[in-house]
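Chains as they are written, first to last, in our numbering: chain A, 30 to 408; chain B, 30 to 408.
Protein chains: 2
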Amino acid sequence: MFEFDITASDGRARTGVFPTPHGELHTPVFAPVGTQATVKTLTPEHLKEMRASLVLSNTYHLYLRPGDELVREMGGLHEFMQWPKPMLTDSGGFQVFSLSDTRKVDEDGVTFKSHIDGSTHRFTPERSIQIQNNLGADIIMAFDECADPNNPAYIKKAMERTHRWAERSLKAHSRADQALFGIVQGGVDPDLRAQSAEFISSLPFPGIAIGGLSVGETKEEMLRTLDVVTPLLPENKPRYLMGVGTPEDLINGVLRGVDIFDCVLPTRLARHHAAFSPEGRLNLMNAAYARDKRPIDETCDCYTCRTFTRGYLRHLIVAKELLAGTLISIHNLRALIRLMEQIRAYIAEGTFTQRAPELLRVWHGNAQRKPTHVSGATA
Amino acid sequence: MFEFDITASDGRARTGVFPTPHGELHTPVFAPVGTQATVKTLTPEHLKEMRASLVLSNTYHLYLRPGDELVREMGGLHEFMQWPKPMLTDSGGFQVFSLSDTRKVDEDGVTFKSHIDGSTHRFTPERSIQIQNNLGADIIMAFDECADPNNPAYIKKAMERTHRWAERSLKAHSRADQALFGIVQGGVDPDLRAQSAEFISSLPFPGIAIGGLSVGETKEEMLRTLDVVTPLLPENKPRYLMGVGTPEDLINGVLRGVDIFDCVLPTRLARHHAAFSPEGRLNLMNAAYARDKRPIDETCDCYTCRTFTRGYLRHLIVAKELLAGTLISIHNLRALIRLMEQIRAYIAEGTFTQRAPELLRVWHGNAQRKPTHVSGATA
Chain A
30 MFEFDITASD GRARTGVFPT PHGELHTPVF APVGTQATVK TLTPEHLKEM RASLVLSNTY
90 HLYLRPGDEL VREMGGLHEF MQWPKPMLTD SGGFQVFSLS DTRKVDEDGV TFKSHIDGST
150 HRFTPERSIQ IQNNLGADII MAFDECADPN NPAYIKKAME RTHRWAERSL KAHSRADQAL
210 FGIVQGGVDP DLRAQSAEFI SSLPFPGIAI GGLSVGETKE EMLRTLDVVT PLLPENKPRY
270 LMGVGTPEDL INGVLRGVDI FDCVLPTRLA RHHAAFSPEG RLNLMNAAYA RDKRPIDETC
330 DCYTCRTFTR GYLRHLIVAK ELLAGTLISI HNLRALIRLM EQIRAYIAEG TFTQRAPELL
390 RVWHGNAQRK PTHVSGATA
Chain B
30 MFEFDITASD GRARTGVFPT PHGELHTPVF APVGTQATVK TLTPEHLKEM RASLVLSNTY
90 HLYLRPGDEL VREMGGLHEF MQWPKPMLTD SGGFQVFSLS DTRKVDEDGV TFKSHIDGST
150 HRFTPERSIQ IQNNLGADII MAFDECADPN NPAYIKKAME RTHRWAERSL KAHSRADQAL
210 FGIVQGGVDP DLRAQSAEFI SSLPFPGIAI GGLSVGETKE EMLRTLDVVT PLLPENKPRY
270 LMGVGTPEDL INGVLRGVDI FDCVLPTRLA RHHAAFSPEG RLNLMNAAYA RDKRPIDETC
330 DCYTCRTFTR GYLRHLIVAK ELLAGTLISI HNLRALIRLM EQIRAYIAEG TFTQRAPELL
390 RVWHGNAQRK PTHVSGATA
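Laid out in structure tokens, this is it:
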């Protein structure tokens, strides 16, 4: 279990198979985010139909509501939300730092107030792992500290603590049917990132995540950081770029050897009427679409594009019908999943590096970046 | 087209087949309400899976938004919302009287202000039919005046005007592929109801609706009115009880010879966490369900009951996830559609009258009535 098999490569990009108790993960892969044990407004049937293969859920949210003990009693996260394929939970660390009202970090862990009711809670590496053991995802994360990238003096301290917490997370982990990934931190400082990549690589994690990106740094800083980190990671372990991103970010990430991505962007944009398309990001509330009989994207095979016109979607938006968010979410997620299918095929035939500039050109109009990892906190 | 074929009967209850351009309607039938060209939060795939056969949409709402001309340009309502089976539109009259901000009725029609933006509009029988011709449903309604049941002095006047408007609606109707139904009014006054039933029956409508019920009268008044009206209607035309109702209302209506029902109750209740069940109406937000591994109704075959626990639905509600409304809507609609399937089978085997008391007992706990037709206005 959890032995990553690289099946093809093209430059630094590679395809692989990562076996989990709930099926094989074919990488590179994009994971829809189901913050509160549901990908917002979608049923598991919708996710299967769009060929989603990995769903992420948030430990911070599930710990607070409905509680990890309850999820365990209900048979674990897969059974609770009826998602039969691979799942991933984060450690809760990111949300504690981005979402909770107040928090106090010490060497042992972090005390924070719930964003829901202000009640006080405490996470430590051991507690985070215990919660994730209760939730029962196939891939779980070491507890880390995601420091503010605008506070460089603090980045080093947070990184070193993240390293100590990584060792404690490994020790606390008790379920052989869950793959515990370590997390590389270090802000956008190349030396710290290199140091972190080497340290985390030295520990017996079956996969390695790159955290602390897409939190406000520029696109150039993100790519430069990936250029420092991925060459230092072991070839034979999957690499997960947390909370990223746009179609362009996925292409750029795969070019630099990333295997796994997640982001709330497709579902969040959908609820704000924005759809990914090769024409650029469409604002479907625009009056220009009122009588438009075309689907969002004529090349797309999703349920929404096979079934509904832009005119109908625009009507649902103007009439404030929630179905609009559902239908656009289906499209936006399928657009990224389909992009990854395409990328896997290109890597397999050895043409990805050569085709990447054209792919980047097609999807460029969708590339405006926001601090999407932060939004991940509330999905 | 539009010749109603009665296939079995049991007391005053009957099963029948009503052919339409979009397929045969097997009655008695319950129609989900898709106020704004969508049954709230559900895709057409959900409706097909629950075996919905007739969907109602509201002329008042579609006229205001997106506009009936736009719907016609987009290929009509079936094409616009991608519902391939029979559809019904009301005349807009009821919403004008229940929902618009101000209105002035005269002999020719009614002037009203939009509840959306306060703009002034005018409906006449001719205009309502023209709008419904543009929308293109299989079954459309004569324009009527639904008078306040608490103003008996006015009921007679409104009924007589409804009769004159029925004749004008017939004259204005131009599409042979749409069945125009007349509407019986007369409040809860038995003499007026009898007079209206006889007058509307004398006109060449292929089907007859009973309007002005479920608008605040008692359950006894509703049943007494049905007892007066249905025996006076021609046997060979389908009878549609507008805006009704609860599981108990459907059973009582079929017992009195009603063939078609619609109501927003199942979807509206769902969005307020209430689910139909043989145990009575369940409030799924209740903490008692937090760890309940049972489905809403163990005897139900809907997607929600086949897939999810009460505990998961309760989590979605508490976490304010919109998927809760979707999943409970699927169940509540399927519960009524399944009840009608059961009733059709009982009528066919001649046991419905005999089994009705038991059915009423099973569903009694769901029977609390609200002025549901009024809610129909906003679905």
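C-beta: ideal position from N, C-alpha, C; glycine also.
- By the criterion of at least three beta-carbon pairs nearer than 8 Å, the region 347-357 of chain B is in contact with the region 291-306 of chain B.
- Nearest CB-CB separation between T149(A) and chain B: not below the 9 Å threshold.
- With a cutoff of 9 Å on beta-carbon distance, F59(A) and I366(A) are scored as near each other.
- Within the region 231-257 of chain A, the complete beta strand (DSSP E) segments of 3 residues or longer fall at 237-239, listed in chain order.
- When the beta-carbon positions are compared, L252(A) and G286(A) stay at least 9 Å from each other.
- Per the C-alpha coordinates, the member of N395(A), I376(A) and K248(A) positioned closest to R310(A) is N395(A).
- Residue environment for I372(B): buried (at least 16 other C-beta atoms within 10 angstroms of its C-beta).
- Within 10 angstroms of the beta-carbon of G147(A) lie fewer than 16 other beta-carbons, which makes it exposed.
- When CB distances to chain B are screened at a threshold of 8 Å, the residues of the region 63-75 of chain A falling below it are Q65, A66, T67, K69, T70, L71, T72, P73 and E74, in chain order.
- Taking a beta-carbon distance threshold of 9 Å, M314(B) does not count as an interface residue toward chain A.
- Taking C-beta separations shorter than 7 Å and ignoring five residues to either side along the sequence, the partners of T149(A) in its chain run T140 and K142, following chain order.
- With a contact defined as Cβ atoms closer than 8 Å, Q65(A) and R101(A) miss out at about 16 Å.
- Judged by their CB atoms, F210(B) and A171(B) are nearer to each other than the 9 Å cut-off.
- Annotation: the continuous alpha helix (DSSP H) that includes V283(B) extends over P276 to L284.
- For chain A, the residues of the region 98-132 of chain B that bring a beta carbon within less than 7 Å of one of its beta carbons are L99, E102, M103, F109, M110 and Q111, in chain order.
- Within chain A, the C-beta atoms nearer than 7 Å to that of T338(B) come from M103, in chain order.
- In this chain, the beta strand (DSSP E) harbouring S86(B) covers V84 to S86.
- Counting C-beta atoms within 10 angstroms of its own C-beta, A385(B) has 16 or more neighbours from the protein chains shown and is therefore classed as buried.
- Annotation: A201(A) has no Cβ neighbours in chain B at a cutoff of 8 Å; minimum Cβ distance is about 26 Å.
- Looking at the DSSP output, T131(B) bridges to nothing.
- A Cβ-Cβ contact shorter than 9 Å links A223(B) with V258(B).
- Looking at the DSSP output, L270(A) sits in a beta bridge with I239(A) and F290(A).
- Taken in chain order, the complete beta strand (DSSP E) segments of 3 residues or longer contained in the region 138-167 of chain B are 139-142 and 149-152.
- Take the alpha-carbon of M103(B) and the one of D330(A): they are about 22 Å apart.
- Beyond the five residues adjoining it in sequence on each side, M30(B) comes within less than 8 Å, by CB distance, of P48, T49, P50, A205, D206 and A208 in the same chain, given in chain order.
- Close to Y341(B), with beta-carbon spacing below 8 Å, are these residues of chain A in chain order: A66, M103, F109, M110 and Q111.
- For G45(A), the three-state secondary structure derived from DSSP is strand.
- Residue pairing by DSSP places F210(A) opposite M170(A) in a beta bridge.
- The straight-line gap separating the alpha-carbon atoms of C175(B) and H75(B) is approximately 33 Å.
- Under the 9 Å criterion on CB atoms, K77(A) is classed as non-interfacial with respect to chain B.
- Here T380(A) carries a coil assignment [DSSP, helix/strand/coil].
- The way I'd put it, the region 81-95 of chain B does touch the region 121-130 of chain B; three or more beta-carbon pairs between them come closer than 8 Å.
- The beta carbon of T333(A) lies closer than 6 Å to those of L356, I359 and H360 in the same chain, with the five residues before and after it left out.
- Residue pairing from DSSP places F59(A) in a beta bridge opposite F290(A).
- With a cutoff of 9 Å on beta-carbon distance, T56(B) and V46(B) are scored as near each other.
- G394(B) has a beta carbon lying at 9 Å or more from every beta carbon in chain A.
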